[in-house]
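There are 2 protein chains.
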Amino acid sequence: MKASEELRYAILALQREGNRALIGALKPIGVTPAQAEVIRVLDQYEPLTLAGLGDLLICESGTGPSRLVDRLVAQGAVLRTVSATDRRSVTIMLTPSGRELSRAIAGVENALYETIDAAAAGQPVEALLALARIMLAGTPAGTALAQRAG
Amino acid sequence: MKASEELRYAILALQREGNRALIGALKPIGVTPAQAEVIRVLDQYEPLTLAGLGDLLICESGTGPSRLVDRLVAQGAVLRTVSATDRRSVTIMLTPSGRELSRAIAGVENALYETIDAAAAGQPVEALLALARIMLAGTPAGTALAQRAG
DNA sequence: CGACAATATATGACACGACATGCAATTGCA
DNA sequence: TGCAATTGCATGTCGTGTCATATATTGTCG
Numbered sequence: 006m007k008a009s010e011e012l013r014y015a016i017l018a019l020q021r022e023g024n025r026a027l028i029g030a031l032k033p034i035g036v037t038p039a040q041a042e043v044i045r046v047l048d049q050y051e052p053l054t055l056a057g058l059g060d061l062l063i064c065e066s067g068t069g070p071s072r073l074v075d076r077l078v079a080q081g082a083v084l085r086t087v088s089a090t091d092r093r094s095v096t097i098m099l100t101p102s103g104r105e106l107s108r109a110i111a112g113v114e115n116a117l118y119e120t121i122d123a124a125a126a127g128q129p130v131e132a133l134l135a136l137a138r139i140m141l142a143g144t145p146a147g148t149a150l151a152q153r154a155g
Numbered sequence: 006m007k008a009s010e011e012l013r014y015a016i017l018a019l020q021r022e023g024n025r026a027l028i029g030a031l032k033p034i035g036v037t038p039a040q041a042e043v044i045r046v047l048d049q050y051e052p053l054t055l056a057g058l059g060d061l062l063i064c065e066s067g068t069g070p071s072r073l074v075d076r077l078v079a080q081g082a083v084l085r086t087v088s089a090t091d092r093r094s095v096t097i098m099l100t101p102s103g104r105e106l107s108r109a110i111a112g113v114e115n116a117l118y119e120t121i122d123a124a125a126a127g128q129p130v131e132a133l134l135a136l137a138r139i140m141l142a143g144t145p146a147g148t149a150l151a152q153r154a155g
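If you read the protein sequences in the order shown, they are chains H and P. Be aware that the first sequence starts at 6, since it is given in my numbering, and climbs by one per residue. Be aware that the second sequence starts at 6, since it is given in my numbering, and climbs by one per residue.
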């Protein structure tokens, strides 16, 4: 198998296995990985419009994460209000319950990052991130990641 | 942002962007990335049972890729017959039309791999693959990848 | 031989993820 | 001012991806 082919499937496999692990870890909290990302982004960047949120999400939902936010509103984690200055756009913020969720999610994520650090110990992770930045240059997900990575 | 956190989101972003690109490239052929993977695996390993196919897929579909195969049967790319020796299991094979699809998919994939090679030129791809193998050790997707990588 | 566990697959339910379309509010420009 | 283009969001549709459950067939053990 070519290196580039194995690379493609390795990325797919890592995403799948990581996501499955994250689903299990987040289950006691009652959120999915996509919902967790929204909550964590809001905790750091709120208030955001729907489009602004979409620009910061890696798991960006095409035209806008309307339905993703729908479910978070339904479970009381975020507040969605029509903007006063532009009645087309909506302002999205965490509720107190959502901020509490964010702290719980942060705990799960930190445990995950320790697992990753242990598995990647002694490996050239920085070089891999450099490769990722090259391949993601100019893409929406790459832009979102660059902005959030600071 | 921690390196492990950026690594997690980089993997997610790479998978998303790569998948979007692949969707577009496969659209003229009329198959999705998941369907393309099934066809390519079958072309190399047929005949397979449903469980055997699932063990070789990176995009493994939990209890079995029944519905994924359903659509390929519906569009005439694969043949699904009940096994003679064990009437519980199913034998899956490509039709001539499916083999033709496989060749078209191979062309799209090769173009993708050239793009990847160009973007990754001079980067430590082997190191990334080594890291991936470590992190995927013991997982279903990792086992599938190891077997297919030969 | 007969109950019972194990196996292979199918199916229902829910939440994405991507694309296309539709609608209301705003902007821009003659 | 009037009206078309644009913007921001919602929604419909399709195909996964994951988990739980159901069904049929086979193997096993008393």
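Glycine is no exception: its CB is placed at the ideal position from the N, C-alpha and C atoms.
State yes or no: is the beta carbon of residue i nearer than 8 Å to at least one beta carbon in chain P?
| i | result |
| --- | --- |
| D60 (chain H) | no |
| D48 (chain H) | no |
| V130 (chain H) | yes |
| K32 (chain H) | no |
| L73 (chain H) | no |
| L134 (chain H) | yes |
| M98 (chain H) | no |
Please confirm whether residue i has its beta-carbon closer than 8 Å to some beta-carbon of chain H.
| i | result |
| --- | --- |
| I44 (chain P) | no |
| T144 (chain P) | yes |
| A82 (chain P) | no |
| A124 (chain P) | yes |
| L12 (chain P) | yes |
| G112 (chain P) | no |
| A154 (chain P) | yes |
| L150 (chain P) | yes |
| G23 (chain P) | yes |
| A41 (chain P) | no |
| A137 (chain P) | yes |
| A109 (chain P) | no |
In angstroms with no decimal places, state the Cα-to-Cα distance between residue i and residue j.
| i | j | result |
| --- | --- | --- |
| L53 (chain H) | P38 (chain P) | 33 Å |
| T90 (chain P) | G112 (chain P) | 37 Å |
| T144 (chain P) | R93 (chain H) | 46 Å |
| Y50 (chain H) | M98 (chain H) | 9 Å |
| S102 (chain H) | G81 (chain H) | 7 Å |
| E10 (chain H) | E114 (chain H) | 30 Å |
| V87 (chain H) | A56 (chain H) | 13 Å |
| V21 (chain H) | L84 (chain H) | A quick correction: the sequence has Arg, not Val, at residue 21 (chain H). Those two C-alpha atoms are separated by around 31 Å. |
| A41 (chain H) | T100 (chain P) | 43 Å |
| D60 (chain H) | T96 (chain P) | 45 Å |
| G35 (chain H) | A123 (chain P) | 42 Å |
| G23 (chain H) | A142 (chain P) | 13 Å |
| A132 (chain P) | A125 (chain P) | 12 Å |
| E167 (chain H) | A116 (chain P) | Residue 167 (chain H) lies beyond the residue range present for chain H, which begins at 6 and ends at 155; the question has no answer from this structure. |
Under the rule that 16 or more other beta-carbon atoms within 10 Å means buried, what is residue i, buried or exposed?
| i | result |
| --- | --- |
| R153 (chain H) | buried |
| P70 (chain H) | buried |
| E65 (chain P) | buried |
| R13 (chain P) | buried |
| A149 (chain H) | buried |
What residue range does the alpha helix (DSSP H) around residue i cover?
| i | result |
| --- | --- |
| V130 (chain H) | V130 to L141 |
| T54 (chain H) | That residue, T54 (chain H), is in no alpha helix (DSSP H); it is neither H nor E in DSSP. |
| R4 (chain H) | The structure shown has nothing for residue 4 (chain H), since chain H only spans 6 to 155. |
| L31 (chain P) | A8 to L31 |
| L106 (chain P) | P101 to A124 |
| V78 (chain P) | S71 to A79 |
Check whether the Cβ of residue i lies closer than 7 Å to any heavy atom of the ligand SAM, and answer yes or no.
| i | result |
| --- | --- |
| L77 (chain H) | This structure simply doesn't include the ligand SAM, nor any ligand for that matter. |
For residue i, write down the residues that DSSP places opposite it in a beta bridge.
| i | result |
| --- | --- |
| T86 (chain H) | H:T96 |
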